[in-house]
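Reviewing the structure listed below.
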Amino acid sequence: RSGEMSYGARAALSSTHPIAKRMFTLMEEKHTNLCVSADVTHTQELLELAETLGPLICVMKTHVDILQDFSMDAINKLKELSDKHNFLIFEDRKFADIGNTVKHQYEGGVYRISSWSHIINAHSVSGPGVVTGLKAVGQSLGHGCLLIAQMSSQGALTTEQYTHTTVKMADSHPDFVFGFISGSKVSTKPEHVHMTPGVQLQSGEICSVFNLVFNPRCFVPRRFLGDELGQQYTTPEQVIRLKGSDIIIVGRGILSASDRRKEAEKYRKAGWEAYLSRVSL
Ligand code: 5IU
């Protein structure tokens, strides 16, 4: 059963997409299933994150359209850091238009995403044309795409039927779609990668004596906590071991810490240990 296969064994399958192969291989080498969500607004901070967290992560997820000082120069530096520290770049663009439009959005404009991002993602809501359009640009460049099968936010419209149809859409494009953004394992194929956002550690610090007095959130179980704008969190352990996903995506859990490297290491360790306990089941 795919949940119990190692990342290395999944990398070796002939049906595994080259990007997934690279990802599984470097995960096994670096002992990490942590993707950091680099939701920052300045390129210097983005590059600092890549330099300090690079050795601890398998993927760096970006939102380049929130950078106030986007430049191709900064992107080239990010590419160098991804080579230096052996991680993949994932622009979380969530393409969602008709095929012809997403083709332009992926290849051109200000960001020229296809020239630097190994991984992109897309909503399946517009139908398979979105994949065909993106594939026309990204496949020859050796890039891969994740389909959004489920969302972490409260009230998301990704119903069971929607998720099921999204998996079928991925199955029709194995030469470009190599996995999913989802809260749990939605595909039974071991070559598919599952990446999950909405992850935070149950932090001991949060319920310090100080917080017990001043922070009423302490009395609420962590799984019911979010960010007041609909985000919902689960723990690395739950995501990897119980839900059968492969990669945890962590933004503010790491970015809000005073020592980001130390916090990222906690997430790397938690994610990796959950993986080890799953494969040894
Ligand atoms: N993200 C989600 N949920 C989703 C999808 C993407 O949170 O369903 I698709 C993105 C948004 C943000 C990151 O960039 O993942 C999560 O950040 P926090 O860990 O700070 O909540």
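Start counting at 1 in the sequence shown, then tack on 233, and there's your number in full-length UniProt numbering. Every residue gets a Cβ at the ideal spot worked out from N, C-alpha and C, and that includes glycine.
Contacting residues, own chain, Cβ-Cβ under 8 Å from residue i (five flanking each side not counted)
| i | result |
| --- | --- |
| I331 | S359, G362, V363, G366 |
| S248 | P407, K422, E424 |
| V426 | A253, M256, F257, L379, F411, G412, F413, D479, I480 |
| C291 | M256, L259, M260, K263, T265, N266, L267, C268, F320, L321, I480 |
Closest Cα partner of residue i within the set the options
| i | options | result |
| --- | --- | --- |
| R485 | E261, V273, K263, A242 | V273 |
| R494 | H318, A245, L286, K317 | L286 |
| D479 | A503, D325, S248 | A503 |
| L289 | T391, T265, L280 | T265 |
| E461 | Q387, K401, L267, P407 | Q387 |
| I482 | G341, E324, A389, K401 | E324 |
| L434 | S373, Q471, R326 | Q471 |
| C378 | K336, L390, Q277 | K336 |
| P311 | E284, I299, L300 | Residue 311 is actually Leu in this sequence, not Pro. Closest by alpha carbon: E284. |
| D306 | A329, H250, S348 | S348 |
| residue 516 | H356, D298, C291 | This structure gives no information on residue 516, because the portion of the chain shown stretches from 234 to 514. |
| A271 | L300, H356, M428, S491 | L300 |
| L509 | S491, G477, S489, V292 | G477 |
| A492 | L282, K263, T334 | It should be noted that the sequence gives Asp, not Ala, for residue 492. Nearest option by C-alpha distance: L282. |
Residues that DSSP places opposite residue i in a beta bridge
| i | result |
| --- | --- |
| C378 | I353, V410 |
| F328 | A355 |
| L267 | I481 |
| M402 | Partner(s): none; M402 has no beta bridge. |
| T429 | I481 |
| G459 | Q465 |
| I322 | M293 |
Contact with chain D by residue i, beta-carbon distance below 7 Å
| i | result |
| --- | --- |
| Q383 | Among the chains in the structure shown there is no chain D, since it carries only a single protein chain. |
Cβ-based neighbour list, residue i, same chain, cut-off 6 Å, excluding 5 preceding and 5 following
| i | result |
| --- | --- |
| D404 | none |
| S239 | V512 |
| N319 | L259 |
| G241 | E261 |
| V400 | V419, S420 |
| A244 | K254, F257, T258 |
| F409 | K368, Q372, C378 |
| A490 | E496 |
| Q383 | T391, T396, S415, G416 |
| T295 | A271, E324 |
Cβ distance (whole Å) where residue i is taken to contact residue j below 8 Å
| i | j | result |
| --- | --- | --- |
| Y339 | G371 | 7 Å |
| I473 | A497 | No, I473 and A497 are not in contact; Cβ-Cβ is about 16 Å, not under 8 Å. |
| N354 | K317 | Going by Cβ atoms, the distance from N354 to K317 rounds to 25 Å, so no, they are not a contact pair. |
| I381 | H351 | So it is not a contact: roughly 17 Å between Cβ atoms. |
| L314 | L280 | 7 Å |
| A253 | G459 | The pair is not a contact, with the Cβ atoms about 30 Å apart (cut-off 8 Å). |
| G375 | P469 | The Cβ separation is near 30 Å, so there is no contact. |
| M402 | S357 | 5 Å |
Proximal residues to residue i (C-beta, below 7 Å), its chain only, five neighbours per side dropped
| i | result |
| --- | --- |
| S385 | G416, P430, G431, Q464, Q465 |
| D302 | H275, T276 |
| L246 | P423, E424 |
| C304 | Correcting the residue type first, residue 304 is Ser in the shown sequence and not Cys. Here the set comprises T276. |
| A369 | K336 |
| Y500 | L267, L434, P469, I481, V483, G486, I487 |
| I308 | W349 |
| S436 | Because S436 carries a pLDDT of 45, less than 50, the predicted location of this residue cannot be relied on, and the following value inherits that uncertainty. So no residue of the chain qualifies. |
| W505 | H264, T265, N266 |
| N333 | G366 |
Please list the segments of the alpha helix (DSSP H) lying wholly inside the region 467 to 503, counting only runs of 4 or more residues, in order along the chain. 485 to 488
Within the region 270 to 305, ranges of the beta strand (DSSP E) (whole runs, at least 3 residues): 292 to 295
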